[in-house]
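J.:
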Amino acid sequence: MLTKVLGAVGAVLLIVGVVFAVRPVSVTGDSCGSVFQPDKGITPMQCDALLSSRGTLVVGLGAGGVALLLAAFATATLHDRRNPTT
Numbered sequence: 016m017l018t019k020v021l022g023a024v025g026a027v028l029l030i031v032g033v034v035f036a037v038r039p040v041s042v043t044g045d046s047c048g049s050v051f052q053p054d055k056g057i058t059p060m061q062c063d064a065l066l067s068s069r070g071t072l073v074v075g076l077g078a079g080g081v082a083l084l085l086a087a088f089a090t091a092t093l094h095d096r097r098n099p100t101t
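Mapping of the sequence shown onto this note's numbering: residues 16 to 101, in sequence order.
This is the structure in structure tokens:
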């Protein structure tokens, strides 16, 4: 049960991170683009802070999701080793 919960929460965190990474950001009506591809022709000072904080959020969500997925895998492996099936 714990393995499924950890895996599901980890997958949700990864999906939310990808959504935040590809979702465009705007400042005072000007489009800044997304974390992966900033818009061309924008003044960097307008969007740097917002894109930087969004990038930090995406990295945090991605790292948390990967950590939870690895924890789910480790928990499943330990459970299988302690209770071998015949």
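From the three backbone atoms N, C-alpha and C, an ideal C-beta is built for every residue, glycine too.
Determine which residues share a DSSP beta bridge with D45 and list them.
T.: Its beta-bridge partners are V42.
J.: Under 8 Å by Cβ, that's how I've got V40 and L65 pegged, so tell me the actual separation to the nearest angstrom.
T.: 5 Å between Cβ atoms; contact.
J.: Bridge partners of P53, per DSSP?
T.: Paired residue(s): G48.
J.: Can you find the residues in the same chain that come closer than 8 Å, C-beta to C-beta, to P53, ignoring five residues on each side of it along the sequence?
T.: Closer than 8 Å at the Cβ level, and outside the excluded window around P53, lie C47, C62 and L66.
J.: Would you report the Cα separation of F88 and M60, rounded to the nearest angstrom?
T.: Computed Cα separation, rounded: 42 Å.
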